[in-house]
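Undergrad:
Here is the structure:
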């Protein structure tokens, strides 16, 4: 048991550095993918066929590509085009691009839960597409979106560990360091699991809170 | 009903299209990472030209491992497979490199034809376990002799002395040793001892440290000018330089000492003494030099046999 705690106390700085980067990566990609995903979601439900086609193409292309390949594309293929992006921004872009496709689909399915009559009534009142979406449909869709959206973000938080393979020192890179220092792998992996639990529990609490707040009788 | 079918066909078509598109986009990336140094020159295995004729009268008195090998008529050897010109397996499944040929030479001295070797790719972290458990008869693969490891297994050798060094682009003039990499981007395997040394000794700034899972990915970044140097044992670096001698070079100022040994079962002193004698013979009769020149020597750096340690 003493050895189990020693793993953390002896290598505290590495755990702090690693998880700090994980959180940074998560926050940047969360905001980025919320913005991009909402835009894409709006495209997919918009009345303009070209925008709908673009949204559908993006989602099908990105969602069918493994995240590791999105990372590899940014880190190994993009430099061949003489574009130099640093490793941390590359990781943030890869996560944002990838998660956006999933956020987009959550928004689209949320919009689909709103009865068609709502949008029709709003249009009959003379509202524009933007007004229909932001004033009538999205506020109602939001509460249906909370649980799947949280699942997308929890998955994204764990997906940040892929960045370890592409030169970002985050939580996923800690085991390699510990193996080289001869620390017991079991204890290391357990500490990383505990770290992720600590990060994910607030997200779960947020989900509960939003669900309660937006609950309505249907 | 009709509409539904049309929609289903359209959906399948779009799925197929996107799958094809993703294949196209994904494909070049792994090869960019895996074979950075040019599939054309490096990926086909070439032997150094040294020949190993199995000894017909091989005998190691009092060695249980040798008895086992003799009875089986074959040896199983632990090796690396991803280090060009050192321990490598090419696309056709052929193996080559300095460590591989040392392993073949040792097999021949034990009376086993090198074609009868059963190679096993054992990850670095599992080497002691594989030797202790009898999964391999011996291990040849950038295996540093350390006191900690001597508790679990025994070593013959060293058959090669490596040291942490730097791999740079051929036109690089500002990097001449470990004290000249301040402000330069340095790459190595994630969490590896060489990169921890760079970090702990502050040889370069923390934000200039770049880490990938494999050395080939670092070499790819070096060729793309995203990093300025790759660091690890010079033997490994020479292997990459030998694969791409027109674009890469090894600085040649090693700043650590790694003695590579052949990992053997712990209590088999008879076998260890025998293998030591055979390595010594390879040093003096030119076999070692021939293997070196035909593999790591292609990098342009000369090599000489080390001094054997019999502990």
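Residue numbers (our numbering), protein chains in the order written: chain A, 1227 to 1444; chain B, 2 to 312. Every residue gets a Cβ at the ideal spot worked out from N, C-alpha and C, and that includes glycine.
When you compare the CB of residue 202/B with every CB in chain A, is at least one pair closer than 7 Å?
TA: no
Undergrad: Can you name the start and end residues of the beta strand (DSSP E) that residue 156/B belongs to?
TA: 155-163
Undergrad: Establish whether the CB of residue 164/B and some CB of chain A are separated by less than 7 Å.
TA: Nearest CB-CB separation between residue 164/B and chain A: not below the 7 Å threshold.
Undergrad: Any C-beta of chain B sitting closer than 7 Å to the C-beta of residue 1403/A?
TA: For residue 1403/A, the answer is yes, since a Cβ of chain B falls inside 7 Å of its Cβ.
Undergrad: With residue 1330/A as the anchor, note down where its alpha helix (DSSP H) starts and where it stops.
TA: 1313-1338
Undergrad: Beta strand (DSSP E) containing residue 1377/A: first to last residue?
TA: Where residue 1377/A is concerned, there is no enclosing beta strand (DSSP E), although the alpha helix (DSSP H) it sits in stretches over 1364-1385.
Undergrad: Taking buried to mean at least 16 other C-beta atoms within 10 Å of its own C-beta, is residue 33/B buried or exposed?
TA: Note that residue 33/B scores 38 on pLDDT, short of 50, meaning its location in the model is unreliable; the coordinates nonetheless yield the value given after this. The residue in question, residue 33/B, is buried, as its Cβ has 16 or more Cβ neighbours within 10 Å.
Undergrad: Is residue 259/B helix, strand or coil when you go by DSSP?
TA: In the three-state reduction of the DSSP assignment, residue 259/B falls in the strand class, which pools E and B.
Undergrad: At 8 Å on the CB atoms, spell out the chain A contacts of residue 193/B, in chain order.
TA: 1402 and 1406, listed in chain order.
Undergrad: Report the partner residues of residue 227/B according to the DSSP bridge assignment.
TA: In the DSSP output, where bridge partners are listed per residue, residue 227/B has none listed.
Undergrad: Does the beta-carbon of residue 183/B have 16 or more other beta-carbons within 10 angstroms, so that it is buried, or is it exposed?
TA: exposed
Undergrad: Report all residues from its chain with a CB closer than 6 Å to the CB of residue 1456/A; omit the five preceding and five following residues, and keep chain order.
TA: Only positions 1227 to 1444 of chain A appear in the structure, and residue 1456/A is not among them; the question remains open.
Undergrad: Would a check of beta-carbon distances place residue 1393/A closer than 7 Å to chain B?
TA: yes
Undergrad: Any contact of the region 227-235 of chain B with the region 92-105 of chain B, i.e. 3+ C-beta pairs under 8 Å?
TA: no
Undergrad: Could you tell me whether the region 131-149 of chain B touches the region 238-248 of chain B, using the rule of 3 or more Cβ pairs below 8 Å?
TA: no
Undergrad: Using DSSP with H/G/I as helix, E/B as strand and the rest coil, what is residue 1243/A?
TA: helix
Undergrad: Per DSSP, residue 1392/A forms a beta bridge with which residues?
TA: 213/B
Undergrad: Just by C-beta distance, which residues in the region 211-242 of chain B are closer than 7 Å to chain A?
TA: 211, 212, 213, 214, 221, 225 and 227
Undergrad: Interface residues of chain B around residue 1310/A at Cβ under 8 Å?
TA: 227
Undergrad: Show which residues of chain B have a CB atom less than 7 Å away from the CB atom of residue 1305/A.
TA: Within 7 Å Cβ-Cβ: 225 and 227.
Undergrad: At a Cβ cut of 8 Å, what residues of the region 1311-1325 of chain A count as close to chain B, listed as they run along the chain?
TA: 1313
Undergrad: Kindly indicate which residue of 252/B, 273/B, 198/B and 163/B has the alpha-carbon position closest to the one of residue 173/B.
TA: 252/B
Undergrad: Pick out the complete alpha helix (DSSP H) segments inside the region 1259-1299 of chain A, 4 residues or longer, and give them in chain order.
TA: 1275-1289 and 1293-1298
Undergrad: By Cβ distance below 6 Å, which residues in the same chain neighbour residue 112/B in space, the five residues on each side in sequence not counted?
TA: 55, 56 and 59
Undergrad: Identify the continuous alpha helix (DSSP H) that holds residue 295/B and give its terminal residues.
TA: Residue range 288-295 is occupied by the alpha helix (DSSP H) that includes residue 295/B.
Undergrad: On a Cα-Cα basis, can you pick out the residue from 213/B, 234/B, 84/B and 199/B that is closest to residue 165/B?
TA: 234/B
Undergrad: If you draw a straight line from the alpha carbon of residue 222/B to that of residue 1302/A, how long is it in whole angstroms?
TA: 7 Å
Undergrad: Comparing the C-beta of residue 1229/A with each C-beta of chain B, is any distance below 7 Å?
TA: no
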